[in-house]
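Participant:
Chains as they are written, first to last, in the working numbering: chain A, 1 to 201; chain B, 202 to 402.
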């Protein structure tokens with residue numbers, strides 16, 4: 001017998017399509033919204049309905065933006081000769097939060113994954129090379145993740161940028177701030193030793 | 202500078218109002234939806250918009266339902282002289298999944314929490330006593346959680362049902378199936394010993 005009202009069932013099933021949300025979490029969220037005043041579910045509904053209609057990709061850096069070009073690409077105070085290459089829009093937000101980067105971005109929208117049919121043409125890689133050739137870029141800071149596909153994507157970019165007149169840099173890899181050395185994994189530790197920094201006395 | 206498009210920011214902020222969803226999860230979910238075809242966000246939006254309008258409380262058992270009375274209360278095959286009292290609609294779903302209960306339900310919509318101003322009048326407790334008096338109920342199975350407020354609510358119900366001509370039972374408390382005894386906490390283990398069951402040989 002169907003004991004869950006169909007509207008509740010449908011919401012739960014839509015929620016389980018989201019990453020990291022299983023049956024139990026979906027049920028908890030849906031029942032929570034049902035207990036709360038209708039305005040809460042309606043607000044969320046309106047935000048979702050508006051999401052795609054008011055957001056587009058910046059045609060220069062491919063960040064999600066309400067305008068094209070995006071605010072970062074348009075900002076005269078940012079150094080548009082320094083381009084940070086990231087996998088996903090979420091990486092841009094993480095770097096922006098630090099306030100440590102004053103250049104502009106290039107979002108690849110993924111990583112190379114040949115087994116899943118994701119080659120350079122599926123990412124914004126050609127567009128990156130095009131920018132390097134046409135926009136007088138001085139430095140490309142590759143900020144893909146320290147994962148196997150992230151590193152593979154970085155290697156591909158480094159190979160193909162080597163013929164172009166642009167400095168290529170990579171995010172430093174090492175011991176996270178505040179981490180006890182004995183808890184660092186061996187790969188991180190060996191990278192930190194290889195990349196050890198000279199201290200001026 | 203505002204680098205997150207306002208529509209994305211709004212969705213993230215709506216998502217963080219949900220229980221168990223922090224800033225990082227909200228950002229991950231919102232960016233996921235933005236990367237997916239618009240239909241996914243629009244489906245979820247429609248399900249949310251419809252949630253409250255098509256679901257009401259059953260006037261007998263106070264379950265969420267598209268009809269009143271709900272399908273369980275209306276089902277002639279269910280034993281309506283056996284009423285299982287639960288805290289929340291989610292508890293009903295969990296019990297229904299087992300298929301082990303063929304009676305009907307009464308949802309309290311919360312537990313007693315005097316410090317937070319939740320007394321018997323804030324729950325569907327008066328309605329439970331009313332059902333016991335008027336509907337010829339034979340057994341009340343109290344299935345509140347084994348938590349401090351759940352137990353307090355159970356005690357309150359047991360006290361107030363003692364004067365009424367109805368059998369009162371409680372879910373058995375003991376070692377979970379498949380659990381090694383040495384990992385059971387001492388309260389559970391002592392309850393399991395007190396409630397030990399006689400085996401017919």
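Where is the CB? At the ideal position from N, CA and C, for every residue including glycine.
#1: Please specify which runs of the beta strand (DSSP E), each continuous and at least 3 residues long, are wholly inside the stretch 76 to 145 of chain A, giving them in chain order.
#2: Taking residue 24 of chain A as part of the alpha helix (DSSP H), name the residues at either end of that continuous run.
#3: Flag this pair as yes or no: are the beta carbons of residue 271 of chain B and residue 285 of chain B separated by less than 8 Å?
#4: Could you compute how far the alpha carbon of residue 354 of chain B sits from the alpha carbon of residue 313 of chain B?
#5: Is the CB of residue 297 of chain B under 8 Å away from at least one CB in chain D?
#6: List, in order along the chain, the chain A residues whose C-beta lies closer than 8 Å to that of residue 391 of chain B?
#7: Measuring CB to CB, does residue 338 of chain B end up less than 8 Å from residue 367 of chain B?
#8: Compare the C-alpha of residue 324 of chain B against each of B/216, B/205, B/263 and name the closest.
#9: The beta strand (DSSP E) that contains residue 170 of chain A, what's its start and end?
#10: Mapping DSSP to helix, strand and coil, what is residue 57 of chain A?
#11: Check the Cβ-Cβ distances between residue 40 of chain A and every residue of chain B, and say whether any is below 8 Å.
#12: Using a beta-carbon distance below 8 Å, is residue 76 of chain A in contact with chain B?
#13: According to DSSP, is residue 45 of chain A part of a helix, a strand, or is it coil?
#14: So, is the C-beta of residue 284 of chain B closer than 8 Å to a C-beta in chain A?
#15: Hey, is the stretch 46 to 55 of chain A in contact with the stretch 231 to 240 of chain B, meaning 3+ C-beta pairs nearer than 8 Å?
#16: Any Cβ of chain A within less than 8 Å of the Cβ of residue 250 of chain B?
#17: My output table needs one value for residue 162 of chain A: the three-state DSSP class, helix, strand or coil.
#18: Indicate whether at least one CB of chain B lies closer than 8 Å to the CB of residue 193 of chain A.
#19: Under 8 Å: do the stretch 139 to 149 of chain A and the stretch 78 to 95 of chain A share three or more Cβ pairs, one atom per stretch?
#20: Can you give me the C-alpha to C-alpha distance between residue 6 of chain A and residue 399 of chain B, rounded to a whole angstrom?
#21: Among the candidates A/23, A/105, A/125, A/201, whose CA atom is the shortest distance from the CA of residue 78 of chain A?
#22: Alpha carbon to alpha carbon, how far is residue 66 of chain A from residue 163 of chain A? Give it in angstroms, no decimals.
#23: To the nearest angstrom, how far is the alpha carbon of residue 374 of chain B from that of residue 348 of chain B?
#24: Taking its Cβ as the centre, do 16 or more other Cβ atoms sit within 10 Å of residue 359 of chain B, making it buried, or is it exposed?
#25: Exposed or buried, residue 102 of chain A, counting other C-beta atoms within 10 Å across all chains shown (16 or more means buried)?
Facilitator: Well, looking at it:
#1: 79 to 86, 103 to 107, 139 to 142
#2: 23 to 35
#3: no
#4: 5 Å
#5: Looking at the structure shown, chain D is missing, and the protein chains on hand are A and B.
#6: Going along chain A, no residue has its Cβ under 8 Å from residue 391 of chain B, so there is no contact; the nearest lies around 29 Å.
#7: yes
#8: B/263
#9: 167 to 170
#10: strand
#11: yes
#12: no
#13: helix
#14: no
#15: yes
#16: yes
#17: coil
#18: no
#19: yes
#20: 44 Å
#21: A/105
#22: 35 Å
#23: 12 Å
#24: exposed
#25: exposed
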